[in-house]
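Participant: Residue numbers (numbering that gives the first Met the number 0), protein chains in the order written: chain F, 0 to 226; chain X, 0 to 58.
C-beta atoms are modelled at their ideal positions from N, C-alpha and C, and glycine is treated no differently.
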Amino acid sequence: MTTHIEGERLHDYVDGLLGAAERAAVERHLAACDECTASVRELRMLLRRIAGLPRGIAPARDLLPEIGAAIDARPERAGASRPRLRERTLWSARHGLLAAAVVLVALTSAATALLVGSAVDGPAVVGVPAPDAFAPDEFRRIEADYIAATDELQAVLVSRRAELAPETVRILEENLRIIDAALAEAGAALRGDPGNAALSEMMVAAYEKKLDLLRRAAQDPTWRGGA
Amino acid sequence: MDLERAIARLPVRARAVLVLFDVEGYAQEEIAQMLGVAVGTVKAQLHRARGLLRTMLSR
Numbered sequence: 000m001t002t003h004i005e006g007e008r009l010h011d012y013v014d015g016l017l018g019a020a021e022r023a024a025v026e027r028h029l030a031a032c033d034e035c036t037a038s039v040r041e042l043r044m045l046l047r048r049i050a051g052l053p054r055g056i057a058p059a060r061d062l063l064p065e066i067g068a069a070i071d072a073r074p075e076r077a078g079a080s081r082p083r084l085r086e087r088t089l090w091s092a093r094h095g096l097l098a099a100a101v102v103l104v105a106l107t108s109a110a111t112a113l114l115v116g117s118a119v120d121g122p123a124v125v126g127v128p129a130p131d132a133f134a135p136d137e138f139r140r141i142e143a144d145y146i147a148a149t150d151e152l153q154a155v156l157v158s159r160r161a162e163l164a165p166e167t168v169r170i171l172e173e174n175l176r177i178i179d180a181a182l183a184e185a186g187a188a189l190r191g192d193p194g195n196a197a198l199s200e201m202m203v204a205a206y207e208k209k210l211d212l213l214r215r216a217a218q219d220p221t222w223r224g225g226a
Numbered sequence: 000m001d002l003e004r005a006i007a008r009l010p011v012r013a014r015a016v017l018v019l020f021d022v023e024g025y026a027q028e029e030i031a032q033m034l035g036v037a038v039g040t041v042k043a044q045l046h047r048a049r050g051l052l053r054t055m056l057s058r
């Protein structure tokens, strides 16, 4: 067994900054090491949460004077929200991350129907430039992480079901049913069209929504929906 | 603790690097130039910020 994936190597791997040979070595190790697989998963989850923050949160330019000055010295980037959005969207897609807020409005059958066979800049995507599609392998990895995380949270909630307010259980079950139906439908459509970027993003957005729902209920047994 | 509050509590340089890389999408080399430091320093600050966030969020 090779050395565990820690420190800079772990972060560079998750950030997609390793060369091909080093990346392959890390993946060989991950295939045999549950501990490192869990570390990678945990870091990816954190980065997905960060990527899901609303844009404009705590802009770095306001933190240190040299950052504001450096950004202002780049006319192609400074003050232009549209290029920044595109940049960030592309960056997110490249890292297998997604800012859920920039993607799709609804997790409904209608949205899936609209997306199947339509271009990614079709009517269901609101003012967002088309990001690169997830590579199918990358999407499978991301999906596996989401499934593991939602399974863990669902297990926690099942074990604590007695502590949850009946209204919380009802809202949770109703929302989970809607999200799971959207996931099943988008998943089936994606199997028929694995390169459809809008569908894979829709699934990531649905998983993110599901995680958020489960997290809120796990943190607050009397949660009744809402923010 | 929620994520936004946790980010607000990070030391300012670590927070700046995290926001520039993880939120705003700048490359590590660009961030190093902006801050006038080595790329290794950017990586160290980024890893520190993520580690602190994980600790705060797991409390």
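Report back the beta-carbon spacing between residue 55 of chain X and residue 8 of chain X to the nearest angstrom; my notes put them in contact at under 8 Å.
Facilitator: Right, the Cβ-Cβ distance comes to about 7 Å (below 8 Å), so this counts as a contact.
Participant: So residue 8 of chain F and residue 25 of chain F are supposed to be a Cβ contact under 8 Å. How far apart are they, rounded?
Facilitator: 7 Å
Participant: Taking any Cβ of chain A, which residues in the region 2 to 18 of chain X have a Cβ under 9 Å from it, in chain order?
Facilitator: This model lacks chain A altogether; the protein chains it does include are F and X.
Participant: In whole angstroms, what separates the C-alpha of residue 172 of chain F from that of residue 1 of chain X?
Facilitator: 24 Å
Participant: Between residue 44 of chain X and residue 16 of chain X, what straight-line distance do the alpha-carbon atoms span, to the nearest angstrom?
Facilitator: Approximately 7 Å between the Cα atoms of the pair.
Participant: Please go through the same chain and pick out, in chain order, the residues whose beta-carbon is closer than 8 Å to the beta-carbon of residue 4 of chain F, but skip the five residues on each side of it.
Facilitator: If the five residues before and after residue 4 of chain F are omitted, its C-beta is found closer than 8 Å to the C-beta atoms of 12, 25, 28, 29, 32, 35, 38 and 39, all from its own chain and listed in chain order.
Participant: Give a yes or no on whether 7 Å exceeds the smallest Cβ distance from residue 80 of chain F to chain X.
Facilitator: Here the model assigns residue 80 of chain F a pLDDT of 34, short of 50, so the residue's position is not dependable and the matter cannot be decided.
Participant: For residue 46 of chain X, which three-state DSSP category applies?
Facilitator: helix
Participant: Under the three-state reduction of DSSP, which class applies to residue 48 of chain F: helix, strand or coil?
Facilitator: The DSSP-derived three-state label of residue 48 of chain F is helix.
Participant: Roughly how far, in whole angstroms, is the beta-carbon of residue 51 of chain F from the beta-carbon of residue 207 of chain F, given that I think they are within contact range, below 8 Å?
Facilitator: 6 Å
Participant: Locate the alpha helix (DSSP H) running through residue 10 of chain X, then write down its first and last residues.
Facilitator: Counting along the chain, residue 10 of chain X falls outside any alpha helix (DSSP H), and DSSP gives it neither H nor E.
Participant: In whole angstroms, what separates the C-alpha of residue 75 of chain X from that of residue 4 of chain X?
Facilitator: Residue 75 of chain X lies beyond the residue range present for chain X, which begins at 0 and ends at 58; the question has no answer from this structure.
Participant: At 8 Å on the CB atoms, spell out the chain X contacts of residue 10 of chain F, in chain order.
Facilitator: At a beta-carbon threshold of 8 Å, the residues of chain X lying near residue 10 of chain F are 42, 45, 46 and 49, ordered along the chain.
Participant: With DSSP run on the structure shown, which of helix, strand or coil describes residue 174 of chain F?
Facilitator: Looking at residue 174 of chain F - three-state DSSP - the assignment turns out to be helix.
Participant: Cβ atoms of residue 198 of chain F and residue 185 of chain F: under 7 Å apart, would you say?
Facilitator: yes
Participant: Name, going along the chain, the residues of the region 135 to 166 of chain F whose beta-carbon falls closer than 7 Å to a beta-carbon of chain X.
Facilitator: Within the region 135 to 166 of chain F, no residue has a Cβ lying closer than 7 Å to any Cβ of chain X.
Participant: Do we get a CB-CB distance below 7 Å when we pair residue 88 of chain X with the residues of chain F?
Facilitator: Any answer about residue 88 of chain X is impossible in this case: the structure gives chain X only from 0 up to 58.
Participant: Considering only the beta carbon of each residue, do residue 30 of chain X and residue 41 of chain X sit closer than 7 Å?
Facilitator: yes
Participant: Within the same chain, show all residues whose beta-carbon is closer than 7 Å to that of residue 48 of chain X, passing over the 5 residues directly before and after it, in chain order.
Facilitator: 9, 13, 14, 16 and 17
Participant: Determine whether the beta carbon atoms of residue 135 of chain F and residue 193 of chain F lie at a separation below 7 Å.
Facilitator: yes
Participant: Could you confirm whether any beta carbon from chain X is found closer than 7 Å to the beta carbon of residue 27 of chain F?
Facilitator: no
Participant: Would residue 182 of chain F and residue 205 of chain F be called neighbours here (beta carbons separated by less than 7 Å)?
Facilitator: yes
Participant: What does a CB cutoff of less than 7 Å around residue 147 of chain F pick up in its chain, not counting 5 residues either side in sequence?
Facilitator: 40
Participant: Just to confirm the assignment, what range does the alpha helix (DSSP H) spanning residue 149 of chain F have?
Facilitator: 135 to 158
Participant: Using only CA atoms, which one of F:43, F:45 and F:168 lies nearest to residue 213 of chain F?
Facilitator: F:168
Participant: Strictly below 9 Å CB to CB, what residues from chain X border residue 181 of chain F?
Facilitator: By Cβ distance, chain X contributes nothing, its closest Cβ being about 24 Å from residue 181 of chain F, past 9 Å.
Participant: Could you tell me the alpha carbon to alpha carbon distance between residue 6 of chain X and residue 17 of chain F, rounded to whole angstroms?
Facilitator: C-alpha separation (whole angstroms): 26 Å.
Participant: Closer than 7 Å by beta-carbon distance: list the chain X residues that pair up with residue 48 of chain F, in chain order.
Facilitator: Those within 7 Å of residue 48 of chain F in chain X are 2.
Participant: Does residue 86 of chain F have its Cβ less than 7 Å from a Cβ in chain X?
Facilitator: Here the model assigns residue 86 of chain F a pLDDT of 39, short of 50, so the residue's position is not dependable and the matter cannot be decided.
Participant: Give the straight-line distance between the Cα atoms of residue 22 of chain F and residue 166 of chain F, rounded to the nearest whole angstrom.
Facilitator: 47 Å
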